[in-house]
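Colleague: Number 509 marks the last residue of the sequence shown (this note's numbering); no jumps.
Yeah, the Cβ is synthetic: ideal placement off N, Cα and C, and Gly gets one too.
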Amino acid sequence: MFTISDLERDIYLEGKGPLAHRIDFAWEIYSDETSNEQNQKHALKFLIYAFDLTETEDINEQLISLMDDRNKYKEKNPYYIPGKAPKSLSQLLEPAQRNLEDAEKQDAYMRKALSEARAKKEILSINKESQEADRELQIRYLSPEERAKHNIVIRDKRFLQNGEPVNTSGMISHGKRGYAAFTLNANGELYIFAHNEGIDHIAHSSMTAGSPVVAAGEIKIENGVLKAITTHSGHYRPSLFNLYRALEYFSHNKVDISQAVAVTFTNPSLKNVESKAVTMWMPSPVTRFETPADKVYKSIDKILDENIQSISKDITNYRSSILTSIYKIKDKVLGSTLTEDRAKVASGFVTKLTEFKQKLNTDLTSVELNDTIKSLNKLITDHEEHNKALAKGGRLESKFCSFKEHLLQVHSEYTGMAEQMKYKT
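#1: What does the alpha-carbon distance come out to for the pair T499 and E452?
#2: Here's the rule: buried if 16 or more other CB atoms are within 10 angstroms of the residue's CB, otherwise exposed. What is R181?
#3: Distance check for E121 and Y333, CA to CA, integer angstroms please.
#4: Since D389 contacts L444 with CB under 8 Å, what's their CB separation in whole angstroms?
#5: With DSSP collapsed to three states, give me the class of Q124.
#6: With C-beta atoms as the reference, is N271 less than 8 Å away from I165?
#7: With DSSP as the reference, label Q146 as helix, strand or coil.
#8: I need the DSSP call for V339, collapsed to helix, strand or coil.
#9: Is it buried or exposed, R479, if we count other Cβ atoms within 10 angstroms and call 16 or more buried?
#10: Taking a contact to mean a Cβ-Cβ separation below 8 Å, would you say L324 touches K508 in this structure?
#11: Less than 8 Å between the C-beta atoms of V298 and P179, yes or no?
#12: Tell me the residue span of the beta strand (DSSP E) that contains P376.
#13: L221 to N326, Cα distance in whole Å?
#14: Can you name the start and end residues of the alpha helix (DSSP H) that F109 belongs to?
#15: What residue range does the alpha helix (DSSP H) around E213 cover?
#16: How would you label L148, buried or exposed, when you count the other beta carbons within 10 angstroms and need 16 or more for buried?
#17: Following the continuous alpha helix (DSSP H) through R239, name the residue where it begins and the one where it ends.
#18: Assuming S214 and G318 make a contact with CB atoms under 8 Å, what is their CB distance in whole Å?
#19: So, with DSSP's three-state summary, where would you put L97?
#20: Could you give the first and the last residue of the continuous beta strand (DSSP E) run that contains R202?
#21: Near E92, what residues of its chain come up, given a Cβ to Cβ distance below 8 Å and the 5 sequence neighbours on each side ignored?
#22: Which ranges does the alpha helix (DSSP H) cover as unbroken runs of at least 4 residues, wholly within the region 256 to 292, from first to last along the chain?
#23: Under the DSSP definition of a beta bridge, which residues are partnered with I162?
#24: What's the call for D142, buried or exposed, on a 16-neighbour Cβ count within 10 Å?
#25: Work out the CA separation of I313 and I256 for me, nearest whole Å.
#26: According to DSSP, what are the bridge partners of F243?
#27: Between which two residues does the alpha helix (DSSP H) harbouring E229 extend?
#28: Report back the beta-carbon spacing between T375 and I305 to the nearest angstrom; my notes put them in contact at under 8 Å.
#29: Would you mind stating whether V250 and G308 have Cβ atoms separated by less than 8 Å?
#30: To which residues of the same chain is H288 closer than 7 Å at the C-beta, ignoring the five residues directly before and after it?
#31: Between which two residues does the beta strand (DSSP E) holding E306 run?
#32: Give a yes or no on whether the C-beta atoms belonging to N183 and K204 are separated by under 8 Å.
#33: Can you say whether M85 is buried or exposed, counting buried as having 16 or more other CB atoms within 10 angstroms of its CB?
#34: Along the chain, where does the beta strand (DSSP E) that runs through I313 open and close?
#35: Measure the alpha-carbon distance for L128 versus E139 and round it to whole angstroms.
#36: Going straight from the alpha carbon of Q493 to that of I395, what length do you get?
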């Protein structure tokens with residue numbers, strides 16, 4: 085239970101209970117017109133923190149919308165917090181379906197959705213051997229209130245616990261000092277704990293009550309900054325793809341992953357990405373492979389942005405070259421405006437590309453990538469047709485064709501790499 089005195093400080097402590105419950109309490113105080121003004125201020129401050137809101141101009145409208153959304157689903161999913169679930173699951177599991185505890189006992193619709201997500205490796209279930217080991221070792225499945233103290237949150241681009249930056253330097257996981265074990269569930273709840281090989285009856289399954297997860301493994305955090313993430317979880321046996329999903333989730337929440345490495349048991353051998361063998365002590369030496377985290381997950385918007393910049397630069401160079409070339413002299417002799425007209429098409433294309441880039445969603449998912457590629461392709465095709473109406477052939481037509489081919493290649497490589505990761509541990 086929460087009290088008014090908790091609002092000023094203790095409500096930020098993970099040990100006070102699940103974040104969703106603390107949000108409900110703060111909202112109850114803030115939205116009650118009879119509440120003390122000072123208490124309302126403390127409640128509002130916590131709600132801004134809990135939802136990680138950066139724009140506060142229309143704060144009441146935002147909070148009303150968020151709480152309406154939460155209340156819509158919380159009967160079936162008590163721990164649902166709007167905007168916190170991994171976006172990769174949005175096409176597979178509805179908010180009410182993301183409480184995966186006892187999921188197999190739910191209705192046929194829920195079981196079907198769960199089966200599809202599992203088949204696509206978007207969620208992981210505990211393997212049978214680990215289920216048996218849990219029984220033998222008497223692994224404890226923590227209640228939501230018990231595991232709340234292991235919860236960490238992302239605020240202001242860093243990992244926080246009890247309102248302070250997380251450090252795993254004093255923790256241990258599978259014999260590796262400086263690491264903590266972690267789980268990320270379908271509600272976006274991230275838990276870390278010391279993994280002592282089950283001696284204390286705590287394992288990955290303890291944080292989930294044995295339910296499926298989006299990702300699990302080990303994590304290294306220094307002063308709130310991500311330094312490493314690994315595929316080491318005997319219960320869930322994640323692939324590099326699940327680390328990819330975790331890194332995607334972190335990136336979407338503005339975490340800097342550029343200082344981190346993804347650690348795997350085998351060499352991922354990703355195309356155009358270099359991984360290196362390293363010796364880790366757990367406590368005896370073992371060989372693992374490190375890959376830069378921002379190479380494992382490179383945000384779609386960044387990939388598109390780089391390609392748009394490349395296309396724009398190419399077209400700008402083309403326009404500059406034809407306006408000072410023999411083509412302009414030829415047009416002058418023949419009384420033609422073709423070169424000038426094509427330069428205008430090129431200039432218009434660069435302008436539209438710039439506008440497209442400015443409107444580009446910085447929080448794209450792989451699902452949204454298809455629509456974005458289609459929009460960019462249409463932009464190219466429209467200008468390609470305009471150019472063909474002037475005259476067929478020419479360097480500009482060739483460039484438009486090569487741009488479209490390159491976009492298809494980028495899309496294919498991006499999705500292909502994600503598929504490849506599903507089989508890398």
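Modeller: Here's the rundown:
#1: The count along the sequence shown starts at 1 and reaches residue 499 at position 415. The count along the sequence shown starts at 1 and reaches residue 452 at position 368. The alpha-carbon atoms of T499 and E452 are separated by roughly 12 Å.
#2: What you label residue 181 is simply residue 97 of the sequence shown in a count that begins at 1. Note that residue 181 corresponds to Gln in the displayed sequence, not to Arg. Taking a 10 Å sphere around the C-beta of Q181, we find 16 or more other C-beta atoms and assign the residue as buried.
#3: Locating residue 333 in the sequence shown gives position 249, counting from the first residue. Locating residue 121 in the sequence shown gives position 37, counting from the first residue. Whole-angstrom Cα-Cα distance: 36 Å.
#4: In the sequence shown, residue 389 corresponds to position 305, counting from 1. In the sequence shown, residue 444 corresponds to position 360, counting from 1. Confirmed, about 7 Å.
#5: Counted from its first residue, the sequence shown places residue 124 at position 40. In the displayed model, Q124 falls within a helix according to three-state DSSP.
#6: Residue numbering aside, residue 271 sits at position 187 when the sequence shown is read from its first letter. Residue numbering aside, residue 165 sits at position 81 when the sequence shown is read from its first letter. Going by C-beta atoms, N271 is nearer than 8 Å to I165.
#7: On the sequence shown, position 62 is the one that residue 146 refers to. Under the three-state reduction of DSSP, Q146 is assigned to helix.
#8: Stepping through the sequence shown from its first residue, residue 339 is reached at position 255. Reduced to three states, the DSSP call for V339 is coil.
#9: Position 395 of the sequence shown, counted from the first residue, corresponds to residue 479. Exposed.
#10: Start at 1 with the first residue of the sequence shown, and residue 324 comes out as number 240. Start at 1 with the first residue of the sequence shown, and residue 508 comes out as number 424. Yes, these two residues count as a Cβ contact at 8 Å.
#11: The residue labelled residue 298 in the question sits at position 214 within the sequence shown. The residue labelled residue 179 in the question sits at position 95 within the sequence shown. Contact: no.
#12: Your numbering for residue 376 matches position 292 in the sequence shown. For P376, the uninterrupted beta strand (DSSP E) segment begins and ends at 369 to 376.
#13: Locating residue 221 in the sequence shown gives position 137, counting from the first residue. Locating residue 326 in the sequence shown gives position 242, counting from the first residue. If I take the Cα positions, the gap works out to 27 Å.
#14: Taking the sequence shown and counting its residues from 1, the one referred to as residue 109 is at position 25. Per DSSP, F109 belongs to the alpha helix (DSSP H) from 103 to 114.
#15: Numbered from 1 along the sequence shown, position 129 holds the residue referred to as residue 213. Looking at the DSSP string, the run of the alpha helix (DSSP H) that includes E213 is 212 to 221.
#16: Walking along the sequence shown from the start, residue 148 turns up at place 64. Per the sequence shown, residue 148 should be read as Ile rather than Leu. That one is exposed.
#17: As a working mapping, residue 239 is identified with position 155 in the sequence shown. For R239, no alpha helix (DSSP H) run applies; the uninterrupted beta strand (DSSP E) run containing it begins and ends at 235 to 239, by DSSP.
#18: Residue mapping note: residue 214 aligns to position 130 of the sequence shown, counting from 1. Residue mapping note: residue 318 aligns to position 234 of the sequence shown, counting from 1. Correct: roughly 6 Å between the Cβ atoms.
#19: For the purposes of this step, residue 97 is identified with residue 13 of the sequence shown, where counting begins at 1. Correct three-state label for L97: coil.
#20: The residue labelled residue 202 in the question sits at position 118 within the sequence shown. Where R202 is concerned, there is no enclosing beta strand (DSSP E), although the alpha helix (DSSP H) it sits in stretches over 192 to 203.
#21: In the sequence shown, residue 92 corresponds to position 8, counting from 1. Result list for E92: H126, in chain order.
#22: Within the region 256 to 292, no complete alpha helix (DSSP H) segment of 4 residues or longer occurs.
#23: Counting from 1 along the sequence shown, the entry for residue 162 is found at position 78. For the record, residue 162 in the displayed sequence is Pro; it is not Ile. Residue pairing of P162 in beta bridges, as defined by DSSP: absent, with no partner found.
#24: In the sequence shown, counting from the first residue as 1, residue 142 sits at position 58. That one is exposed.
#25: Position 172 of the sequence shown holds residue 256. Position 229 of the sequence shown holds residue 313. Using only the alpha carbons, I get a separation of about 14 Å.
#26: Within the sequence shown, numbered from 1, the residue matching residue 243 stands at position 159. Per DSSP, I238.
#27: The count along the sequence shown starts at 1 and reaches residue 229 at position 145. DSSP places E229 inside the alpha helix (DSSP H), whose first and last residues are 228 to 231.
#28: For this step, residue 375 is matched to residue 291 along the sequence shown. For this step, residue 305 is matched to residue 221 along the sequence shown. I305 and T375 do not touch by the CB rule: their CB atoms are close to 18 Å apart, not below 8 Å.
#29: The residue given as residue 250 occupies position 166 in the sequence shown. The residue given as residue 308 occupies position 224 in the sequence shown. The Cβ atoms of V250 and G308 lie closer than 8 Å to each other.
#30: Position 204 of the sequence shown holds residue 288. Residues of the same chain with a CB within less than 7 Å of the CB of H288, apart from the 5 flanking positions on each side, are A265, T267, A300, S317, H319, Y320 in chain order.
#31: Working through the sequence shown from its first residue, we reach residue 306 at position 222. Residues 299 to 306.
#32: On the sequence shown, residue 183 is found 99 positions in, with the first residue counted as 1. On the sequence shown, residue 204 is found 120 positions in, with the first residue counted as 1. It is not a contact, given that the beta carbons lie outside the stated cut-off.
#33: On the sequence shown, residue 85 is found 1 positions in, with the first residue counted as 1. Here M85 is exposed. Its C-beta has fewer than 16 other C-beta atoms within 10 Å.
#34: Start at 1 with the first residue of the sequence shown, and residue 313 comes out as number 229. It spans 309 to 314 - the beta strand (DSSP E) in which I313 sits, taken as one unbroken run.
#35: Taking the first residue of the sequence shown as position 1, residue 128 is located at position 44. Taking the first residue of the sequence shown as position 1, residue 139 is located at position 55. One C-alpha to the other measures close to 13 Å.
#36: Within the sequence shown, residue 493 is the residue found at index 409, counting from 1. Within the sequence shown, residue 395 is the residue found at index 311, counting from 1. It is roughly 14 Å from the alpha-carbon of Q493 to the alpha-carbon of I395.
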